[in-house]
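**Student:** Take 0 as the starting number for the sequence shown in numbering that gives the first Met the number 0 and just add one per residue.
Idealized CB from N, CA, C, for every residue including glycine.
Please read all numbers here as calculations on a predicted model, not as lab measurements.
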Amino acid sequence: MVKKIHKNRSHGSLPSIVIVGANFAGLKAALSLPQKFRVTVVDPRPWFEFSPNIHELVSGLKTPDLLRLPKKAIIKHAGHAFIPEAVTTIMPEKNTIVTNSGKRLSYDYCLLAIGGQTNMHRVKGAGTHAMPFKTVSHCQAIGDRLKQFSGKNKSVSIIIVGGGFEGVEALGEILRKYKDKKAIQVHMIEKRGRMMNDAPGDMDKELRRLCSPYPVVFHNGIHVTRVWKHSVVLSNNTRIPSQITIWTGGNIPPALLFESGLSASMEQWTPVNAGLQHVTYPNIFVAGDAAGTPEPVSKQAYHALDMGKTAAENISRHHSGKSLTAFQPSSKPMLVSFGDLDAFLIYNKTVFAGVALNLLKEAVFQLTMNTMDPSGFLLKAYHASGRLGSSALTMASFLSFTPKSLKKLGGIRIIGK
Ligand SMILES: Cc1cc2nc3c(=O)[nH]c(=O)nc-3n(C[C@H](O)[C@H](O)[C@H](O)COP(=O)(O)OP(=O)(O)OC[C@H]3O[C@@H](n4cnc5c(N)ncnc54)[C@H](O)[C@@H]3O)c2cc1C
0 MVKKIHKNRS
10 HGSLPSIVIV
20 GANFAGLKAA
30 LSLPQKFRVT
40 VVDPRPWFEF
50 SPNIHELVSG
60 LKTPDLLRLP
70 KKAIIKHAGH
80 AFIPEAVTTI
90 MPEKNTIVTN
100 SGKRLSYDYC
110 LLAIGGQTNM
120 HRVKGAGTHA
130 MPFKTVSHCQ
140 AIGDRLKQFS
150 GKNKSVSIII
160 VGGGFEGVEA
170 LGEILRKYKD
180 KKAIQVHMIE
190 KRGRMMNDAP
200 GDMDKELRRL
210 CSPYPVVFHN
220 GIHVTRVWKH
230 SVVLSNNTRI
240 PSQITIWTGG
250 NIPPALLFES
260 GLSASMEQWT
270 PVNAGLQHVT
280 YPNIFVAGDA
290 AGTPEPVSKQ
300 AYHALDMGKT
310 AAENISRHHS
320 GKSLTAFQPS
330 SKPMLVSFGD
340 LDAFLIYNKT
350 VFAGVALNLL
360 KEAVFQLTMN
370 TMDPSGFLLK
380 AYHASGRLGS
390 SALTMASFLS
400 FTPKSLKKLG
410 GIRIIGK
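#1: For the region 194-211 against the region 334-352, do three or more pairs of beta-carbon atoms, one drawn from each stretch, fall closer than 8 Å, so that the two count as touching?
#2: For the candidate residues V17, I159, D288 and K146, whose alpha-carbon lies nearest to that of Y108?
#3: Pull up the CB-CB distance for P214 and V185, whole angstroms please, since I reckon it's below 8 Å.
#4: With three or more beta-carbon pairs closer than 8 Å as the criterion, would you say the region 244-260 touches the region 278-289?
#5: Relative to ligand 1, is the shortest distance from any of its heavy atoms to the C-beta of L110 smaller than 8 Å?
#6: Whole-angstrom Cβ separation of G415 and D201, contact assumed at under 8 Å?
#7: Throw me the rounded Cβ distance for the I188 and V155 pair, which I believe falls under 8 Å.
#8: Mapping the DSSP letters down to three states, classify Q242 as helix, strand or coil.
#9: For M371, count the other beta carbons within 10 Å of its own beta carbon; 16 or more makes it buried, fewer makes it exposed. Which is it?
#10: Going residue by residue through the region 209-284, where are the continuous beta strand (DSSP E) segments of at least 3 residues, counting only ones entirely within it?
#11: With DSSP collapsed to three states, give me the class of D179.
#12: For the pair the region 29-44 and the region 296-316, tell me if three or more CB-CB distances fall below 8 Å.
#13: Specify the secondary structure class of G172 as computed by DSSP and reduced to three states.
#14: Between the C-alpha atoms of R386 and N369, what's the straight-line distance to the nearest angstrom?
#15: Is any heavy atom of ligand 1 found at a distance shorter than 8 Å from the C-beta of H79?
#16: Tell me which residue opens and which closes the beta strand (DSSP E) that R103 is part of.
#17: Tell me, please, whether the region 64-72 touches the region 123-134 by the rule of three or more beta-carbon pairs shorter than 8 Å.
#18: Could you check what DSSP says for R37 in three-state terms: helix, strand or coil?
#19: Going by C-alpha to C-alpha distance, which of P199, H229, D305 and P328 sits closest to T349?
#20: Would DSSP call E55 helix, strand or coil?
#21: Can L104 be considered in contact with ligand 1, in the sense that its beta carbon sits closer than 8 Å to one or more heavy atoms?
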């Protein structure tokens, strides 16, 4: 039921912008928008969460507070308003959104940054019995469950569904903490032929080599057809017992996009032009994972941050009658950690490997957390020592790396085909 109408459309000279979703893309957009707009940010989650490092909650290397920042304070500091609710309907023809409590907000511009959602509801039983791997609370729950089972001195079978970078990072953290526990067996299930199938170099071979001393079983070219409370059924009709099933397989467009008429099917990311403007509605901009750009880009946090900034700037440009700036995806490397056993840096067609690369991933984490809290106030308040340690600053100098500079880290090797 509709409760309240928020008159958000322009009065006087202040155009209104509603940002739907505030993690990497949405929060970056909010930080980039000047107070000449009346900006309202709507997101049900109170915390900005640094998802690239949430796997570290599985082993307990990080705690939830280290990976989070309070959105309300950040948005308030930027001079904008925050509504901690989910948007349930977008009515592009009426320039209005509706939240779960029935609030209606009208807008001059809408910036959509709602990310993606897990695809676990497509396999029977997965939504009920598998544990998702997308947020801080998901990974904390996995860490707690592992701790609970490992204390029981009984044999434990853990299944990780998905052998992409998220599954690999989850496996690395399980091994970091439990590799000496003989009673714990891990099954990795990947429907494609190899683990890290999209990566260059033979990461599959390398991962199998690293795992050979431990009870890890790889199942490739097979998918999950049914998840039960204590087992998983595979497409070759094998049933594997499972006390913990971790679901890392895939990111799909949120249903809200199709339901609101902003995409043509449930499978399509919101179609935008090069300036991140919706192809049909010129006052709707889309940033981050939710955007279906003309040239597809990987669903990565660094692209989401850059898109948030570009979309915010393009709203300003559009409002002043200027042409839009095209979003230019940066060619940053991808960092994948593998617990305390290894880490990988994937850049163009090359995979560099070495545990020292974990420090680089930590530096990216610390630098990004600082970017999201420009005042520095929150980090100091929440983490007494401040976040950016001197080692991270030193490491940060490698962020504009060249293969030559990586060698300085020591112990770096190249994984061939
Ligand atoms: C386990 C894991 C590891 C990853 N590792 C890396 C990595 O190493 N490097 C890297 O670059 N990227 C990594 N990624 C990808 C990265 O996290 C995403 O690309 C990034 O989060 C996308 O940012 P976003 O702002 O578009 O969406 P999200 O970060 O998903 O944020 C979407 C926001 O929208 C909100 N929202 C959703 N629906 C609604 C609604 N209806 N109403 C209002 N608000 C809504 C959500 O609450 C959330 O705050 C990883 C992702 C995962 C899950």
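**Tutor:** Quick look at the numbers:
#1: yes
#2: V17
#3: 7 Å
#4: yes
#5: no
#6: 7 Å
#7: Contact flag wrong, Cβ pair sits at about 17 Å.
#8: coil
#9: buried
#10: 215-219, 223-226, 230-233, 238-240 and 243-246
#11: coil
#12: yes
#13: The sequence shown places Glu at residue 172, rather than the Gly named in the question. DSSP places E172 in helix when its eight states are reduced to three.
#14: Low confidence applies here, because R386 scores a pLDDT of 48, under 50, leaving its location unreliable and the question unanswered by this model.
#15: no
#16: K102 to S105
#17: no
#18: strand
#19: P199
#20: helix
#21: no
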